[in-house]
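Numbered as in the numbering used here, the sequence shown ends at 111 without a single skipped number.
Read through the structure below, which is laid out as structure tokens, and then see the notes.
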Amino acid sequence: MEEAKNAERYSIQSFQGKTALLEVYTKAVKKMEKHFKLMEDIQKQVDSAKSVEKDYKGLKAKLSDDAVLDKLLEAKFVELQGKGRFLVIIC
21 MEEAKNAERY SIQSFQGKTA LLEVYTKAVK KMEKHFKLME DIQKQVDSAK SVEKDYKGLK
81 AKLSDDAVLD KLLEAKFVEL QGKGRFLVII C
């Protein structure tokens, strides 16, 4: 009889210990899920920032190319103006 009570007591303690451990694991998993979600959100922001930076660099390069083209066209215009004046003087 005493042996059965000891076995029952041990069984209950073992069950309670496992239940407590399960609760700890459950809380840990919930916290990990929360942190994982935050990490995913941060990664999305990083990816978005990289995309914006890439677009910015592309637009900046295009603007630089457009500025060079403007200078070339301006130089060509001045050259043609000079030729036009030369032709007016000759004629």
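Beta carbons are placed, not taken as given, at the ideal position from N, Cα and C, and that holds for glycine.
Since the structure is predicted, the reported quantities are computational estimates derived from the model, not experimental observations.
Alpha-carbon to alpha-carbon, residue j and residue i
i	j	result
Leu89	Ala81	12 Å
Phe97	Glu60	55 Å
Lys50	Gln36	21 Å
Leu83	Lys77	10 Å
Arg29	Glu23	10 Å
Lys25	Thr39	21 Å
Gly102	Lys91	16 Å
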